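Step one of this worksheet: look at the structure below.
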Amino acid sequence: MWPEYIAVAALISIGLYGVMAKKNLMKIFIALSLMETGVNLLLITIGYIPGGTAPIENGNFAKYVDPLPQALVLTAIVIGLSVTALALTLLIWYHSKTGTLEYRRGMRW
Amino acid sequence: MRKAAAIIISSVFFAILLASFYQIPQTDYGEKEYYYQNPINGSYANESVPSHYIANTKNETGAVNAVTAIVVEYRGFDTLGEVTVLFTAATGVSFLLYKVRGGKKRTEANLILKEGSKLVLPFILLTGAYIFIHGHLTPGGGFPGGAVIASGFLLMMLSYPKFFMKERAVSVTESMAGITFAFIGLLGLVFASSFLQNFLPLGNVGYLLSAGIIPVIYIAIGFKVGSELSSIVDKIKEVQK
Amino acid sequence: MIELTIISWIMAFLVIGAAIYAIETKDLISAAIAAGVVSLVVSIMFLILQAPDVAITEASIGAGLTMAIFVYAIGKTGRWEE
Numbered sequence: 001m002w003p004e005y006i007a008v009a010a011l012i013s014i015g016l017y018g019v020m021a022k023k024n025l026m027k028i029f030i031a032l033s034l035m036e037t038g039v040n041l042l043l044i045t046i047g048y049i050p051g052g053t054a055p056i057e058n059g060n061f062a063k064y065v066d067p068l069p070q071a072l073v074l075t076a077i078v079i080g081l082s083v084t085a086l087a088l089t090l091l092i093w094y095h096s097k098t099g100t101l102e103y104r105r106g107m108r109w
Numbered sequence: 001m002r003k004a005a006a007i008i009i010s011s012v013f014f015a016i017l018l019a020s021f022y023q024i025p026q027t028d029y030g031e032k033e034y035y036y037q038n039p040i041n042g043s044y045a046n047e048s049v050p051s052h053y054i055a056n057t058k059n060e061t062g063a064v065n066a067v068t069a070i071v072v073e074y075r076g077f078d079t080l081g082e083v084t085v086l087f088t089a090a091t092g093v094s095f096l097l098y099k100v101r102g103g104k105k106r107t108e109a110n111l112i113l114k115e116g117s118k119l120v121l122p123f124i125l126l127t128g129a130y131i132f133i134h135g136h137l138t139p140g141g142g143f144p145g146g147a148v149i150a151s152g153f154l155l156m157m158l159s160y161p162k163f164f165m166k167e168r169a170v171s172v173t174e175s176m177a178g179i180t181f182a183f184i185g186l187l188g189l190v191f192a193s194s195f196l197q198n199f200l201p202l203g204n205v206g207y208l209l210s211a212g213i214i215p216v217i218y219i220a221i222g223f224k225v226g227s228e229l230s231s232i233v234d235k236i237k238e239v240q241k
Numbered sequence: 001m002i003e004l005t006i007i008s009w010i011m012a013f014l015v016i017g018a019a020i021y022a023i024e025t026k027d028l029i030s031a032a033i034a035a036g037v038v039s040l041v042v043s044i045m046f047l048i049l050q051a052p053d054v055a056i057t058e059a060s061i062g063a064g065l066t067m068a069i070f071v072y073a074i075g076k077t078g079r080w081e082e
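Chains as they are written, first to last, in our numbering: chain Y, 1 to 109; chain X, 1 to 241; chain U, 1 to 82.
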């Protein structure tokens, strides 16, 4: 089992625990950002061929790594940043209206 | 109570993920599991999709970088969708934080930071421009180049508290770059046969002016991403409490 | 390539340690900085997996811009969790 797969599973599980168990909204958004980073790492780890090199045409090498997941992840990283920025904007709005940052006030679970 | 249940569910999820990662096959291109099997008559295709992209990028597009050719030439319509998502997010942030910037007292930065950032800023902008102009020859492209330019402006915002981006210049740059992207796609409809098709001559491989429309589109995307990310950071910094 | 395997294991332990610290601490600015460290180490892992374009993008966006907007937003709201 490769070390990258263990890091991916740990990142997604820790992010899921952070979303379920915390009350502060800022901590929940940090956990969501960690989960997105984990999923991007998983996509690139699947496309790795042992013994291959970077997918830029070169005369010396014969085996290249899969270029298709890299083109997908390049877009996904920028979209993750824009979603985080919009979420933080709504969070600043919520704080200026109610004065607190707690999410589950008064709920006895 | 909630913490114990969350730990149990997370541990079960961790075990399920590791058990499913164990089943992923680790094969090469030439092996039989990598090829597609036609579901109708059961015959295997001639070659798989990634090996076709790697073998034919230099002849069909004239670019050396395979990832750049996939993002602009083979799957160019998804890049148009991504540019739309980024534009929607920047518009949403701009629309919700409309309070004027206030006269809050800010502390001055250190002398080393002020003088050092004045010295380093032109080189950061030059590196960002190099990354998105040479997108078809070296690793990089439009998106990392725009992000490096936005990082340069973030450094200026951290060193000088009175620095701000002029709203009119940023919005004009962003709109012009987006219009250029859509216009080149429509020119492909006029001169060639379909939307976003390559209609410029391919040229010699390895030169700067080669690979058709790939450098032109990446210059437009570099300007657009750089100005949008700078305006997002500036709006979140300047909103009044 | 025994050196790359050892470096990959060290990076995996750094990622797990920084992620656990980012969730458990009560100081929100330390949590944002730990999320930036996770992005930086993941960018090095992208470079070991032979993907240079994605490494440049993740290093400049994840470790630079995401952490900057988190710190600015925490400055507008409260710093401590309770």
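Backbone N, C-alpha and C define an ideal beta-carbon position, used for all residues, glycine too. Keep in mind the model is a prediction, meaning the values are calculated, not measured.
Beta-carbon spacing of residue i, residue j below 8 Å
i	j	result
X:Gly116	X:Tyr218	no
X:Ser94	X:Ser227	no
Y:Leu34	U:Val37	no
X:Ala150	X:Val233	yes
Y:Glu4	U:Ala12	yes
U:Leu28	Y:Met26	yes
U:Thr77	Y:Leu101	yes
U:Asp53	X:Gly76	no
Y:Ile77	U:Glu58	yes
X:His64	X:Val216	The question names His, but residue 64 of chain X in the sequence shown is Val. No. Outside cutoff.
Y:Ile6	U:Ile20	no
X:Ser10	Y:Leu68	no
X:Leu247	U:Gly75	There is simply no residue 247 of chain X to check, as chain X begins at 1 and stops at 241 in what is shown.
X:Gly92	Y:Leu11	no
X:Glu174	X:Lys114	no
Chain X contact for residue i (CB, 8 Å cutoff)
i	result
Y:Ala71	yes
Y:Tyr103	no
Y:Ser13	yes
U:Thr57	yes
Y:Tyr94	no
Y:Pro55	yes
U:Lys76	yes
Y:Pro3	no
U:Ile23	no
Y:Thr100	no
Local conformation of residue i per DSSP, three classes
i	result
U:Glu82	coil
Y:Thr53	strand
X:Asn198	coil
X:Asn110	coil
Y:Tyr64	strand
Y:Asn58	coil
X:Asn65	strand
X:Leu137	coil
U:Met67	helix
Y:Trp2	coil
U:Phe46	helix
X:Met242	Any property of residue 242 of chain X remains undetermined from this structure, which presents chain X solely from 1 to 241.
X:Lys224	helix
Y:Gln70	helix
X:Tyr218	helix
U:Tyr72	helix
Y:Leu91	helix
Y:Leu86	helix
X:Arg168	helix
X:Met1	coil
Bridge partner(s) assigned by DSSP for residue i
i	result
Y:Asn24	Y:Glu102
U:Asp27	U:Trp80
Cβ of residue i within 8 Å of any chain U Cβ
i	result
X:Val67	yes
Y:Asn60	no
Y:Lys63	no
Y:Met26	yes
Y:Ile30	yes
Whole-Å CB distance - residue i paired with residue j, under 8 Å assumed
i	j	result
X:Ile214	X:Glu73	7 Å
U:Met45	Y:Leu41	7 Å
Y:Pro50	X:Val67	Rounded, the Cβ-Cβ distance is 20 Å, inconsistent with contact.
U:Val42	Y:Thr37	6 Å
U:Ile7	U:Ile48	7 Å
X:Pro144	U:Ile56	4 Å
X:Ile131	X:Val120	X:Ile131 to X:Val120, Cβ: 16 Å. No contact.
CB contact check: residue i to chain Y, cutoff 8 Å
i	result
X:Phe14	yes
X:Lys3	yes
X:Pro50	yes
X:Val172	no
U:Ser30	no
X:Pro139	yes
U:Leu65	yes
X:Leu96	yes
Contacts of residue i in chain C (Cβ-Cβ under 7 Å)
i	result
X:Ile236	Note that chain C does not occur in the displayed structure, where the protein chains are Y, X and U.
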